[in-house]
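Peer 1:
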Amino acid sequence: MTRFELFDHTADVGIVAYGNDLKEAYANVAYGMFSLIADLKEVHEEIQRDIDIQALDRESLVVDWLNELLYIFDVDHVIFSRFEITALSQSKLRAKAYGEKIDTSRHQLKTEVKAATYHLLKVEEGNGFKIQVILDI
Amino acid sequence: MLTRIDDYRWEIPITYKPGMRVPGLIFSDEQMLRHIQDEQSLEQVANVAFLPGIVGRSLAMPDIHWGYGFPIGGVAATRVDDGVISPGGVGFDINCGVRLLRTNLTEREVKPKIERLLADLFINVPSGLGSKGKIRLKGNEIDKLLLKGAGWAVAAGYGEPEDLEFTEDHGCLKGADPDKVSIKAKTRGTPQSGTLGSGNHFLEIQVVDEVYDAGIAQAFGIEEKGQILVLIHTGSRGFGHQVCDDYLKTMGTAVRNYGIDLPDRQLACAPVNSPEGQSYLAAMACAANYAWANRQCITHWTRESFSRVLGKSPRDLGMRLVYDVAHNIAKIEKHQVEGKKLTVCVHRKGATRAFPAGHPDIPEAYRKVGQPVLIPGDMGRYSYVAVGTEKAMEETFGSTCHGAGRAKSRSAARRSISGADVAAELAAKGIAIQVANIASLAEEAPAAYKDVAEVMHITDAAGISPRVIKARPIGVIKG
Chain A
0 MTRFELFDHT ADVGIVAYGN DLKEAYANVA YGMFSLIADL KEVHEEIQRD
50 IDIQALDRES LVVDWLNELL YIFDVDHVIF SRFEITALSQ SKLRAKAYGE
100 KIDTSRHQLK TEVKAATYHL LKVEEGNGFK IQVILDI
Chain B
0 MLTRIDDYRW EIPITYKPGM RVPGLIFSDE QMLRHIQDEQ SLEQVANVAF
50 LPGIVGRSLA MPDIHWGYGF PIGGVAATRV DDGVISPGGV GFDINCGVRL
100 LRTNLTEREV KPKIERLLAD LFINVPSGLG SKGKIRLKGN EIDKLLLKGA
150 GWAVAAGYGE PEDLEFTEDH GCLKGADPDK VSIKAKTRGT PQSGTLGSGN
200 HFLEIQVVDE VYDAGIAQAF GIEEKGQILV LIHTGSRGFG HQVCDDYLKT
250 MGTAVRNYGI DLPDRQLACA PVNSPEGQSY LAAMACAANY AWANRQCITH
300 WTRESFSRVL GKSPRDLGMR LVYDVAHNIA KIEKHQVEGK KLTVCVHRKG
350 ATRAFPAGHP DIPEAYRKVG QPVLIPGDMG RYSYVAVGTE KAMEETFGST
400 CHGAGRAKSR SAARRSISGA DVAAELAAKG IAIQVANIAS LAEEAPAAYK
450 DVAEVMHITD AAGISPRVIK ARPIGVIKG
């Protein structure tokens, strides 16, 4: 199963992430975002962070989850390459994120992502689960 | 959906979508409009017209393209008395903007040393994704920076007091309150102050290529073809992103509490006069000041590098600031609306203030000619300096475009060209480049942008910001 796809937006980038359940879709949307930031093949799992998010609804949960990861990337210079959603409800998400500190000698950094936005934001279930989000680049 | 008003003005009637409070107005020509219609930006112009208290029209400048919430190139003024403020109308990169430095140097003097100059600048001005700044802010020093903006930087030894005179709002937006900013924003912003960043941010060494109005150019300190200029484009870095993110959450709740009906969640807003609106304005002012301090520090290092490489004193170099403009900001301003003077909140999302001659908010030295409007193009072609007009005051709340506008998405650009090809293309044109990340260069390829000359043709013909000079790049630093 494809974990995520990028779609074109003139100035920014859209991600559609898929999952067999919603937890997996939340993990894959984060994976998609970090794939834009860096080449994840070279990223080892040396650091593990626990992340707790509370939001108004499951759409806001997507934005807050991604923006929290961007915050950690910006402040602690950690690139994440694997995500495990340990608990999920309509307004709460608990996760473990794995990765390592940026090492420019090994890591190929790609695009700066400013933030996840609410524009065209969708969380859908039907035949599998799907999350759509546009990132401000 | 569009009604043609004249060759450069197109209206989205108020009847286009139920819920629009005013019509939309797009500055464009027929050719450019075809491109604009391919994406969703016109729908976004219509959506902005839903904002409570919006006056005049929901405006779009000719560099309009699809944004998130507001279109990029969007301008909206809302009544302060009973209208709203929307963080989405400012964006994540609060006070992203450009500043232009003039010099006494000519292309002939600089060209032989351009590689050395870029190499020195590249070390002296921190840039690139994940880069750390070299300013160490201890304790509550960040609060002072947020309160004073560019003035903080000058007091700390970065630049000259005169620089403040030539910065929009003297590099300090009033009403900043660091207590309205989250700890997270400060934590994120502190190590990044004094960094160029990446993406479309840059530092460019340019040569004056064409002078359209010698008198006005002269007033701006631009004397002749061949003169060297430096253009710096950056914003408020992670600090601004965090402020926007924090307040989008606040506004998401406010929209429910105040019963505001909006077609896009990214337009979330609150009444200007509500506690939420006032807090956002105070936090946004902090981010605006952060950006001005950022550009001020970079200016200082730029002068240092020029002085070092060219072996001349700063005085001999004559590197005076021409102007510094914000192009992602909301400002409380007084405007004439339907014959009445009204205090409004002007949202400029990818749009530049363009005040006319005689306006009290522009530097004394430019009072007779009008405010310089700085319009960067893509890195392979050219940029413009234009000037604000009375017409802009009447029609666009004293605003104009902010750049070329993207023609291709980032992934489309990556598919069509490689970073190495872009570097080769620039080299063939005699443009030297230093880039933190060669792969990202493809996204910023000249071909990914519209021709800024076409954008400027429209703002010129429509009379909202006539061209003063055109400059082409000879050296580019990209984060």
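Protein chains in written order, with numbering that gives the first Met the number 0: chain A, 0 to 136; chain B, 0 to 478.
Beta carbons are placed, not taken as given, at the ideal position from N, Cα and C, and that holds for glycine.
Whose CA, out of V324/B, A391/B, D377/B, V336/B, lies closest to the CA of P362/B?
Peer 2: Comparing Cα positions, the closest option is V324/B.
Peer 1: If you draw a straight line from the alpha carbon of A423/B to that of N436/B, how long is it in whole angstroms?
Peer 2: Distance between the alpha carbons of A423/B and N436/B: 15 Å.
Peer 1: For I25/B, I'd like the list of residues in its chain whose CB is within less than 6 Å of its CB, leaving aside the five on either flank, ordered along the chain.
Peer 2: Once the five neighbours on either side are set aside, the close Cβ partners of I25/B are W9, A59.
Peer 1: Can you tell me the Cβ-Cβ gap for T301/B and L120/B, rounded? I've got them flagged as a contact below 8 Å.
Peer 2: At roughly 7 Å, the Cβ-Cβ gap stays under 8 Å, so T301/B and L120/B are in contact.
Peer 1: Return the bridge partner residues of R78/B from the DSSP annotation.
Peer 2: In DSSP, R78/B forms a bridge with V343/B.
Peer 1: At the 8 Å Cβ level, is Y25/A part of the contact set with chain B, yes or no?
Peer 2: Not closer than 8 Å to any Cβ of chain B, the Cβ of Y25/A fails to qualify, so no.
Peer 1: Tell me the residue span of the alpha helix (DSSP H) that contains E216/A.
Peer 2: Chain A is shown only over 0 to 136; residue 216/A falls outside these bounds and no answer can be derived.
Peer 1: Give the interface partners of K183/B over in chain A, defined as CB-CB distance under 9 Å, in chain order.
Peer 2: Per Cβ cutoff of 9 Å: Y70, V74.
Peer 1: Roughly how many angstroms separate the alpha carbons of E223/B and L1/B, rounded to a whole number?
Peer 2: Spanning the two alpha carbons is a distance of roughly 42 Å.
Peer 1: Within 8 Å (strictly less), CB to CB, does R294/B reach chain A?
Peer 2: No - not a single Cβ of chain A is within 8 Å of the one on R294/B.
Peer 1: Per DSSP, N327/B forms a beta bridge with which residues?
Peer 2: For N327/B, which the question treats as bridged, DSSP gives the partners K348/B.
Peer 1: Identify each residue in the region 21 to 49 of chain B for which the Cβ-Cβ distance to at least one residue of chain A is less than 7 Å, and report them in chain order.
Peer 2: If the cut-off is 7 Å between Cβ atoms, the region 21 to 49 of chain B has E38 near chain A.
Peer 1: For P362/B, which of helix, strand or coil comes out of DSSP?
Peer 2: Reduced to three states, the DSSP call for P362/B is coil.
Peer 1: Please name the residues in the region 100 to 111 of chain A whose beta-carbon is closer than 8 Å to at least one beta-carbon of chain B, in chain order.
Peer 2: So the close ones are I101, T103, Q107, L108, K109, T110, E111.
Peer 1: Please name the residue in L60/A, L134/A, S80/A whose C-alpha comes closest to that of Q155/A.
Peer 2: The structure shown does not extend to residue 155/A, since chain A is modelled only from 0 through 136, so no value can be given for it.
Peer 1: For E42/B and E111/A, I'd like the C-alpha separation in whole angstroms.
Peer 2: So the alpha carbons of these two residues sit roughly 27 Å apart.
Peer 1: Listing by chain order, which chain A residues have their CB less than 9 Å from the CB of F91/B?
Peer 2: In chain order: K113, A114, T116, D135.
Peer 1: Just to confirm, are G87/B and H401/B a CB contact at a threshold of 8 Å?
Peer 2: Not in contact: G87/B and H401/B (Cβ atoms no closer than 8 Å).
Peer 1: So S59/A contacts chain B; which residues on that side make the cut at Cβ distance below 8 Å?
Peer 2: Here the neighbours are K248, G251.
Peer 1: Interface residues of chain A around N327/B at Cβ under 9 Å?
Peer 2: Those within 9 Å of N327/B in chain A number zero; the least Cβ separation is about 11 Å.
Peer 1: Near S40/B, which residues of its chain fall below 6 Å by C-beta distance, leaving aside the five closest residues on each side in sequence?
Peer 2: Cβ neighbours of S40/B beyond the five flanking positions: I63, H64, W65, P70.
Peer 1: Suppose the cutoff is 7 Å on Cβ atoms and the five residues either side in sequence are ignored; what does the same chain contact list for R56/B look like?
Peer 2: The residues are V21, P22, G23, L24.
Peer 1: What did DSSP end up calling F91/B once you bin it into helix, strand or coil?
Peer 2: F91/B: coil per DSSP, three-state reduction.
Peer 1: Closest to E29/B by CA distance: which of E38/B, D5/B, P17/B, T194/B is it?
Peer 2: Among E38/B, D5/B, P17/B, T194/B, the Cα nearest to that of E29/B belongs to D5/B.
Peer 1: Leaving aside the five residues before and after S417/B along the sequence, list all residues of the same chain whose C-beta is less than 6 Å from its C-beta, in chain order.
Peer 2: Excluding positions up to five away in sequence, the list reads A441.
Peer 1: Does L425/B come out as helix, strand or coil in the three-state DSSP assignment?
Peer 2: Looking at L425/B - three-state DSSP - the assignment turns out to be helix.
Peer 1: If you follow the beta strand (DSSP E) that I103/B is in, where does it begin and where does it stop?
Peer 2: The residue asked about is misnamed: residue 103/B is Asn in this sequence, not Ile. Unbroken beta strand (DSSP E) run through N103/B: 96 to 105.
Peer 1: Any beta-carbon of chain A closer than 8 Å to the one on C400/B?
Peer 2: Chain A contact via Cβ: absent.
Peer 1: In terms of residue numbering, what span does the beta strand (DSSP E) encompassing H232/B cover?
Peer 2: Where H232/B is concerned, the enclosing beta strand (DSSP E) stretches over 226 to 233.
Peer 1: Which of helix, strand or coil does DSSP assign to G72/B?
Peer 2: Three-state DSSP puts G72/B in a strand.
Peer 1: So with Cβ pairs under 8 Å, would you call C243/B a contact of chain A?
Peer 2: So, interface residue.
Peer 1: Quick one: give me the first and last residue of the beta strand (DSSP E) that S278/B is part of.
Peer 2: Careful: S278/B lies outside any beta strand (DSSP E), inside the alpha helix (DSSP H) at 274 to 309.
Peer 1: Any residues in the region 258 to 270 of chain B with a beta carbon nearer than 9 Å to a beta carbon of chain A? Which ones, in chain order?
Peer 2: Answer in chain order: D263, R264, Q265, L266, A267.
Peer 1: Within the continuous beta strand (DSSP E) that includes Q47/A, where are the two ends?
Peer 2: Element bounds for Q47/A: 46 to 53.
Peer 1: Do we get a CB-CB distance below 8 Å when we pair I71/B with the residues of chain A?
Peer 2: So, interface residue.
Peer 1: Looking only at its own chain, which residues have a Cβ that is under 7 Å from the Cβ of A281/B, when we skip the five neighbours before and after it?
Peer 2: These residues qualify, in order along the chain: G174, A175, D176, K179.
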